[in-house]
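The listed protein sequences derive, respectively, from chains A and B. Position in the first sequence (from 1) plus 135 gives the number in the numbering used here. Position in the second sequence (from 1) plus 800 gives the number in the numbering used here. Yeah, the Cβ is synthetic: ideal placement off N, Cα and C, and Gly gets one too. Note that the coordinates shown come from a computational prediction; the quantities given were computed from them, not determined experimentally. Read the structure below first, then the notes.
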Amino acid sequence: MTEFTLWDILRNLLLALRWTVVLSLIAFVGGGVVGGLLLALRLRAGPVLQKVISGYVQLFQGTPLLMQLFLAYFGIALFGIDVSAWTAASVALTLYTSAFLTEIWRGCVASIPKGQWEASGSLALSFAEQMRHVILPQAVKIAIAPTVGFLVQVIKGTALASVIGFVELTKAGSMIANVTFAPFTVFSCVALLYFALCFPVSLYAKHLERRTRSTR
Amino acid sequence: MTATLAEPVATAHVAPGAPIVKITALKKSYGTNPVLKGIDLDVLRGEVIAIIGKSGSGKSTLLRCINGLEVFQEGSLTVDNKPLLHESALAMRELRQRVGMIFQSFNLFPHLSVGRNVMLAPTLVKKRAKGEAEAQAKKLLARVGLAEKFDAMPDQLSGGQQQRVAIARALAMEPAVLLCDEITSALDPELVGEVLRVVESLADEGMTLLMVTHEMSFARKVSDRVIFMHQGRVHEMGPPAELFGNPQTPELKQFLSSLHD
């Protein structure tokens, strides 16, 4: 029987960590873009589209990410489209992230006093100009901290992609545990790696929160 | 009721001619609750009008209808003979360039310096070059007595100073009409004077002003015509000396006497 050193375990986990990072980035960039588009739609849309978007948000906030991953992986396949674990995980995480981000950002835009809309509107600014020059600069300041905070949730959420066979940190962990017969060591390392990834991000979120507070 | 159109008072700056704001049979309701029950009002170029009345009488709503912040259901409203069309973004943009507004709560943009607050709309809407807009902003800030505050942030200013910046910001769009919605109500008493002095100087220079105000002595001193609103209607209208000195309706008498309590 082959002996596995701690370095063997760690080295393989670190290789898999790359995919956790890449998947997080896809979720965040994709979710950011989709969430931003939804926000823009939401601010201008009529009541019907409003309901549709709010339904979308409720759907993704009200169901487990695990189910969304399953549905993306097996559901799309039902239509005869061959989806890789990569595609399914990217799609599911992007949609999930977009639903949360659009809701966070909508709240931030809504927290800008009505007087700012009225003052800029009565100066004949168009909607786009109001958004670009008056509302967003103020809303972004409020949004940074909760947005970065949510990034931590997304990083941890990528672990669920392991259930559809996506080899990221968690999946790699269970595979290594199976061959090394050292699950405690392996999963301790997995946990530490997640912590190493998330902790700086939440520290950064805290820092940002403090900074925005002090400048207000 | 003496809701007749008062003869323009013989002040030097009232030019004859077509009204700049023409409101005809304007009605507005919030749901089933009527707020304005048929308003007819012509505002002449250079005229200074004070609108008084109890809270809930519809005076602020009327003012906010004139620049399209409130949507009305019936009647018509024209500014410079151009009708107010809520559906047309282009028409609203045109109209709002003609009508400036100053708010009770100042509503300065907190993330922009004082100078950039004033410069924002001219550079975006009137496509004015930055240098030109800056020179204009400096001139306007000097006019409201805040030349040295160009680079200050709004939260570093007192309420009275913020409101004067808001006036400069509105003037930067060179409006034909200026709407003032209780612009001194949020100010500490000692800061009211500095803002009213600026408004008075505008009136003297011939700016068309419509102001909702609780400052009766100011209304009396500056305005050409006073409008008393009651329950969504123009209840009484006339030159200030007449309206304050010889109120015709019991509602106005009661309103005026309640101010002295």
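By how many angstroms is the C-alpha of residue 181 of chain A removed from the C-alpha of residue 1032 of chain B? In the second sequence, residue 1032 of chain B corresponds to position 232, counting from 1. In the first sequence, residue 181 of chain A corresponds to position 46, counting from 1. Cα to Cα, residue 1032 of chain B sits roughly 30 angstroms from residue 181 of chain A.
Does the structure place the stretch 960–968 of chain B close enough to the stretch 898–914 of chain B that three or more beta carbon pairs sit under 8 angstroms? yes
Please state whether DSSP places residue 259 of chain A in a helix, a strand or coil. Stepping through the first sequence from its first residue, residue 259 of chain A is reached at position 124. Coil, per DSSP.
Does the contact criterion of 3 or more C-beta pairs under 8 angstroms hold for the stretch 1012–1024 of chain B versus the stretch 978–988 of chain B? yes
Flag this pair as touching only if the stretch 920–931 of chain B and the stretch 857–866 of chain B have three or more C-beta atom pairs under 8 angstroms; answer yes or no. no
Neighbouring residues, chain B, relative to residue 253 of chain A (Cβ below 9 angstroms): For the purposes of this step, residue 253 of chain A is taken as the residue at position 118 of the first sequence. By Cβ distance, chain B contributes 864, 869, 901, 903, 907.
What residue does the beta strand (DSSP E) around residue 1028 of chain B start on, and which one ends it? Position 228 of the second sequence, counted from the first residue, corresponds to residue 1028 of chain B. That run of the beta strand (DSSP E) goes 1025–1030.
Distance check for residue 291 of chain A and residue 945 of chain B, CA to CA, integer angstroms please. Translated into positions along the second sequence, residue 945 of chain B becomes position 145. Translated into positions along the first sequence, residue 291 of chain A becomes position 156. When rounded, the distance between both Cα atoms is 57 angstroms.
What did DSSP end up calling residue 825 of chain B once you bin it into helix, strand or coil? For the purposes of this step, residue 825 of chain B is taken as residue 25 along the second sequence, with counting starting at 1. Strand.
Between which two residues does the beta strand (DSSP E) holding residue 1035 of chain B run? In the second sequence, residue 1035 of chain B corresponds to position 235, counting from 1. Residues 1033–1038.
Applying the criterion that 16 or more other CB atoms from any shown protein chain within 10 Å of the CB defines a buried residue, is residue 835 of chain B buried or exposed? Position 35 of the second sequence, counted from the first residue, corresponds to residue 835 of chain B. Per the 10 Å Cβ criterion, buried.
Could you pull the DSSP bridge partners for residue 854 of chain B from this structure? Sequence index remark: in the second sequence, residue 854 of chain B carries index 54 (1-based). According to DSSP, which records beta bridges pairwise, residue 854 of chain B is partnered with nothing at all.
Of the residues that make up the stretch 266–279 of chain A, which ones have a beta carbon closer than 7 angstroms to any beta carbon in chain B? 268, 269, 272, 273
Output the boundary residues of the beta strand (DSSP E) element that contains residue 995 of chain B. Here residue 995 of chain B refers to the residue found at position 195 when the second sequence is read from its first residue. Not the beta strand (DSSP E): residue 995 of chain B falls in the alpha helix (DSSP H), residues 989–1004.
Considering only DSSP beta bridges, list what residue 1008 of chain B is partnered with. In the second sequence, residue 1008 of chain B corresponds to position 208, counting from 1. Paired residues: B:977.
Show which residues of chain A have a CB atom less than 8 angstroms away from the CB atom of residue 910 of chain B. One-based indexing of the second sequence puts residue 910 of chain B at position 110. Those within 8 angstroms of residue 910 of chain B in chain A are 273.
Does the stretch 849–859 of chain B come close enough to the stretch 911–918 of chain B to have 3 or more Cβ pairs within less than 8 angstroms? no
Just verifying my parser: in three-state terms, what is the DSSP assignment at residue 807 of chain B? Translated into the one-based positions of the second sequence, residue 807 of chain B becomes position 7. Because residue 807 of chain B carries a pLDDT of 42, less than 50, the predicted location of this residue cannot be relied on, and no value is offered for it.
Between residue 175 of chain A and residue 232 of chain A, is the Cβ-Cβ spacing less than 9 angstroms? Position 40 of the first sequence, counted from the first residue, corresponds to residue 175 of chain A. Position 97 of the first sequence, counted from the first residue, corresponds to residue 232 of chain A. No; because the gap between Cβ atoms is not below 9 angstroms, this pair is not in contact.
Cβ of residue 896 of chain B less than 9 angstroms from any chain A Cβ? Here residue 896 of chain B refers to the residue found at position 96 when the second sequence is read from its first residue. Yes, its Cβ sits closer than 9 angstroms to a Cβ of chain A.
Under the assumption that residue 302 of chain A contacts residue 151 of chain A (Cβ atoms under 8 angstroms), give the Cβ distance between them as a whole number of angstroms. The residue given as residue 302 of chain A occupies position 167 in the first sequence. The residue given as residue 151 of chain A occupies position 16 in the first sequence. Right, the Cβ-Cβ distance comes to about 6 angstroms (below 8 angstroms), so this counts as a contact.
Could you give the residue range of the alpha helix (DSSP H) that holds residue 971 of chain B? Here the question's residue 971 of chain B lines up with position 171 in the second sequence. Run containing residue 971 of chain B: 959–971, per the alpha helix (DSSP H) assignment.
Interface residues of chain B around residue 259 of chain A at Cβ under 7 angstroms? Residue 259 of chain A sits at position 124 when you count from the first residue of the first sequence. By Cβ distance, chain B contributes 893, 896, 897, 921, 925, 973.
Give the secondary structure of residue 202 of chain A by DSSP, where H, G and I count as helix, E and B as strand, and everything else as coil. Here residue 202 of chain A refers to the residue found at position 67 when the first sequence is read from its first residue. Helix.
Report the rounded CA-to-CA distance for residue 340 of chain A versus residue 284 of chain A, giving the unit in angstroms. Translated into the one-based positions of the first sequence, residue 340 of chain A becomes position 205. Translated into the one-based positions of the first sequence, residue 284 of chain A becomes position 149. So the alpha carbons of these two residues sit roughly 6 angstroms apart.
Who are residue 874 of chain B's beta bridge partners in DSSP? Against the second sequence, residue 874 of chain B aligns to sequence position 74. Residue 874 of chain B is bridged to B:827.
Which of the three DSSP states is assigned to residue 946 of chain B in this structure? Taking the first residue of the second sequence as position 1, residue 946 of chain B is located at position 146. DSSP places residue 946 of chain B in coil when its eight states are reduced to three.
Assigned exposure category for residue 879 of chain B - 16 Cβ within 10 Å defines buried: Sequence index remark: in the second sequence, residue 879 of chain B carries index 79 (1-based). Under this definition residue 879 of chain B is a buried residue.
How would you call residue 346 of chain A, buried or exposed, if buried means at least 16 neighbouring beta carbons within 10 angstroms? Numbered from its first residue, the first sequence carries residue 346 of chain A at position 211. Per the 10 Å Cβ criterion, exposed.
Is there at least one Cβ from chain B nearer than 9 angstroms to residue 250 of chain A's Cβ? What you label residue 250 of chain A is simply residue 115 of the first sequence in a count that begins at 1. Cβ-Cβ to chain B under 9 angstroms: yes for residue 250 of chain A.
Considering only their Cβ atoms, is the gap separating residue 947 of chain B from residue 918 of chain B smaller than 9 angstroms? For the purposes of this step, residue 918 of chain B is taken as residue 118 along the second sequence, with counting starting at 1. For the purposes of this step, residue 947 of chain B is taken as residue 147 along the second sequence, with counting starting at 1. No, they are not a contact pair.
Boundaries (first-last residue) of the alpha helix (DSSP H) holding residue 834 of chain B: Residue numbering aside, residue 834 of chain B sits at position 34 when the second sequence is read from its first letter. Residue 834 of chain B -> not in any alpha helix (DSSP H); beta strand (DSSP E) instead, spanning 833–844.
Within 9 angstroms, strictly: CB atoms of residue 196 of chain A and residue 235 of chain A: Reading the first sequence from its first residue, position 61 is the one you call residue 196 of chain A. Reading the first sequence from its first residue, position 100 is the one you call residue 235 of chain A. Yes; because the gap between Cβ atoms is below 9 angstroms, this pair is in contact.
Name, please, each residue of chain A whose Cβ falls closer than 9 angstroms to the Cβ of residue 889 of chain B. Within the second sequence, residue 889 of chain B is the residue found at index 89, counting from 1. In chain order: 261, 262.
Going by other Cβ atoms of all chains shown within 10 Å of its Cβ, with 16 needed for buried, is residue 967 of chain B buried or exposed? Here residue 967 of chain B refers to the residue found at position 167 when the second sequence is read from its first residue. By the 10 Å Cβ count, residue 967 of chain B comes out buried.
Anticipated Cβ contact below 8 angstroms, residue 144 of chain A with residue 305 of chain A, distance rounded: Reading the first sequence from its first residue, position 9 is the one you call residue 144 of chain A. Reading the first sequence from its first residue, position 170 is the one you call residue 305 of chain A. About 14 angstroms separates the two Cβ atoms, so there is no contact after all.
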